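Protein chains in written order, with my numbering: chain X, 1 to 143; chain L, 1 to 328.
Set out below in C-alpha cells:
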C-alpha cells in the first residue's frame, strides 16, 4: 500500500521541527516531504530542479502550506498549483501565523481547502495537527 | 407812454424769460443725464448771475459725480481683487487638504503594514521559544530538578503572556486604523448581545445584567460593540469576587448631555491611582489577582475619542466601579 505523503512547505526551520514533532505526537508516521519555499514545493510536485526525475504521478495526500516564504510565497505557489492540471485538485491546507483577514480571504480565493492559524501555544498546535492529520489523512478522501 | 411802457415790458420779459427758459431747458437736460450741458451766458444782470451760478452748480455736480463714480469703480475693483484673493486662498486650502489627506493615508498605511508585520514577525520566534521549551520539558524532564522545571514553566507562561500582548496591541491598532461609519445605533441591543456572549463563554459564573432599553445614539456600531465588550468584560472580571455580580448599563442626563454608564459592584479601586488607567497596559492589580493585559480601557478611550466623546471613571474600593462615556 502506498504510503500517504504529506508535503510540508515551510521556510522556518524551527517551525518545521515543531510541526514534525506535533505530527509524531499524534502518531502520524507518514512520510513528510519538506520544501523550504514555494519554488521547492513546485519542483517537488512537477518533478523539476532538485526533484528532477521524480514520478509526478505520485502526489501528496495533502500539502501544508506556509504563507510568508522567500523566493515564492504561499499564495503564488497555490496559484501555480491550482493552474496545473496535474495538481489542481491537490488538497492544500494553509498553515500560517498570520491572523490578518486579508490573508485568509486571499487564501480561499486562490483555492485553499482550509486555513489554519498556528497558535503560539504548542499544545494547542499539537492538538490542531492531530485533528488535521485525522481529517486529511484518514477521514477525507483525496480526489 | 403806454407804447414805451409795453416795449420795455416786452424787452424785460425777453431779457428774463429767455434766460429762464434756458435755465429750464438746462435743468431738464441735466435731469435727463447730460451733465455736460451748460446754459452759458454773458449777461451781467441777476438772471445772468443766476445762470452762471447754475452752471457752476452743474460743474460741481459733474465733478462730484465723476469723483463718486471713480471711487465706486475703485471700490468694485478692490472687491473683485479681494474675491479673487479668496478664491485663490480656497484653492490653496483645498490643495493643502488634499496633500494632508494623502500624507495621512500614507501614515495609516504605514501603521497597517507595521501592525501586520508585528502580527507575523513577532509571533514566529515566540512560537519557537514556546515549542522548544515545552520540548525541553517533555524530553528531558527526568534530567531536570524542580527548579529547572519551574524555570521552564516561567518561560512558557511569559511566552503566553507575550502572545496575548501582541494580540491585544493588534486589536488596539485595528481600532485606530478602521474606517468609521456613523449611523443610528441601539446601544441596548448591542449591550444585550455582548452580555449574552459573555455569559455563554463563562458558564461557570453568572452575573445579573441590568440593561436599560432604548439607549439610542449615533456612532459606529462595530466600534461601539468593541467598546461595550471591553467595558462589560472588565465589569465581569472585577466583580468576580462579589457574592452576587450585578452589572448595570444605562444613561443619565447631566446638563442636557446624555451620559452612558457601565457600573459593576465589584472590587473597585482607589481613585488616587486612576490617572493612568486609560493608558495602554496600565493595570492596578497584580496578575495573580486578576488576569488581563491592561489594554481594555485604552481601547475604549480610543473608540470614544474617535466619536468625539469623553470617557471617565469613578470607583471606590470594594464598592464597585462605574465607567461613564458620552458620544460626541
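Glycine included, C-beta positions come from ideal geometry on N, C-alpha and C.
Bear in mind that the values here come from a model prediction, so they are computed numbers and not experimental data.
Identity of the residue in the options nearest residue i by Cα
i: residue 202 (chain L); options: L:28, L:324, L:237; result: L:237
i: residue 110 (chain X); options: X:99, X:24, X:89; result: X:89
i: residue 250 (chain L); options: L:323, L:180, L:223; result: L:323
i: residue 226 (chain L); options: L:23, L:168, L:266; result: L:168
i: residue 306 (chain L); options: L:163, L:26, L:174; result: L:174
i: residue 106 (chain X); options: X:119, X:66, X:75, X:117; result: X:75
i: residue 77 (chain X); options: X:10, X:5, X:3; result: X:10
i: residue 18 (chain L); options: L:39, L:256, L:278; result: L:39
i: residue 118 (chain L); options: X:21, X:99, X:19; result: X:99
i: residue 179 (chain L); options: L:165, L:223, L:218, L:162; result: L:223
i: residue 125 (chain L); options: L:9, L:304, L:166; result: L:166
i: residue 130 (chain X); options: X:120, X:80, X:19, X:113; result: X:19
i: residue 14 (chain X); options: L:30, L:78, L:129; result: L:129
i: residue 112 (chain L); options: L:218, L:170, L:42; result: L:170
i: residue 256 (chain L); options: L:294, L:326, L:10; result: L:326
i: residue 214 (chain L); options: L:114, L:190, L:199, L:198; result: L:190
i: residue 101 (chain X); options: L:278, L:105, L:91, L:115; result: L:115
i: residue 97 (chain X); options: X:137, X:64, X:58; result: X:64
i: residue 232 (chain L); options: L:33, L:196, L:104, L:100; result: L:196
Residues of its chain near residue i, where Cβ-Cβ distance is below 8 Å and the 5 sequence neighbours each way are ignored
i: residue 44 (chain X); result: 7, 33, 35, 50, 51, 54
i: residue 36 (chain L); result: 62
i: residue 239 (chain L); result: 207, 245, 246, 247, 264, 265, 266, 267, 320
i: residue 71 (chain X); result: 37, 38, 39
Classification of residue i by the beta-carbon crowding that lies within 10 angstroms, buried from 16 upward
i: residue 147 (chain L); result: exposed
i: residue 334 (chain L); result: No information on residue 334 (chain L) is available, as it lies outside the stretch 1 to 328 that chain L covers here.
i: residue 311 (chain L); result: buried
i: residue 142 (chain L); result: exposed
i: residue 317 (chain L); result: exposed
i: residue 301 (chain L); result: buried
i: residue 61 (chain X); result: buried
i: residue 91 (chain X); result: buried
i: residue 220 (chain L); result: buried
i: residue 296 (chain L); result: buried
i: residue 216 (chain L); result: exposed
i: residue 2 (chain L); result: exposed
i: residue 3 (chain X); result: exposed
i: residue 98 (chain L); result: exposed
i: residue 73 (chain L); result: exposed
i: residue 13 (chain L); result: exposed
i: residue 139 (chain X); result: exposed
i: residue 112 (chain X); result: buried
i: residue 145 (chain X); result: In the structure as shown, chain X starts at 1 and stops at 143, and residue 145 (chain X) therefore has no counterpart that could be examined.
i: residue 86 (chain L); result: exposed
Contact under 8 Å by Cβ, residue i with residue j
i: residue 51 (chain L); j: residue 70 (chain L); result: no
i: residue 320 (chain L); j: residue 241 (chain L); result: no
i: residue 25 (chain X); j: residue 127 (chain L); result: no
i: residue 266 (chain L); j: residue 235 (chain L); result: yes
i: residue 212 (chain L); j: residue 188 (chain L); result: yes
i: residue 122 (chain X); j: residue 131 (chain L); result: yes
i: residue 120 (chain X); j: residue 109 (chain L); result: no
i: residue 93 (chain L); j: residue 298 (chain L); result: no
i: residue 274 (chain L); j: residue 313 (chain L); result: yes
i: residue 229 (chain L); j: residue 194 (chain L); result: yes
i: residue 27 (chain X); j: residue 5 (chain X); result: no
Other residues of its chain near residue i: CB distance less than 6 Å, five sequence neighbours each side excluded
i: residue 252 (chain L); result: 259
i: residue 246 (chain L); result: 208, 265
i: residue 328 (chain L); result: 307, 308, 309
i: residue 47 (chain L); result: 16, 19
i: residue 137 (chain L); result: 152
i: residue 16 (chain X); result: 10, 34
i: residue 87 (chain X); result: 45, 81
i: residue 126 (chain X); result: 22, 25
i: residue 124 (chain X); result: none
Beta-carbon contacts of residue i that lie in its chain and below 7 Å, excluding the five residues immediately before and after
i: residue 73 (chain X); result: 38, 67
i: residue 115 (chain X); result: 94, 104, 107, 108
i: residue 181 (chain L); result: 220
i: residue 54 (chain L); result: 23, 26, 39
i: residue 134 (chain X); result: none
* For the region 84-105 of chain X, enumerate the residues whose C-beta is nearer than 7 Å to any C-beta of chain L, in chain order. => 97, 98, 99, 100
* **Residues, ordered as in the chain, of the region 98-129 of chain L that lie near chain X by beta-carbon distance below 7 Å** => 116, 119, 120, 123, 124, 126, 127, 128
* **Members of the region 69-85 of chain X that neighbour chain L once the beta carbon cut-off is set at 7 Å** => none
* Using Cβ-Cβ distances below 9 Å, what residues of the region 171-195 of chain L are close to chain X? -> none
* Below 9 Å between beta carbons is the criterion; list the residues of the region 1-23 of chain X that meet it against any residue of chain L, in chain order. => 12, 14, 15, 17, 18, 21, 22
* Residues, ordered as in the chain, of the region 130-156 of chain L that lie near chain X by beta-carbon distance below 8 Å -> 130, 131, 132, 134, 135
* To do: For the region 317-328 of chain L, enumerate the residues whose C-beta is nearer than 9 Å to any C-beta of chain X, in chain order.
  => none
* Anything in the region 23-42 of chain X with a Cβ closer than 7 Å to a Cβ of chain L? List those residues in chain order, please. => none
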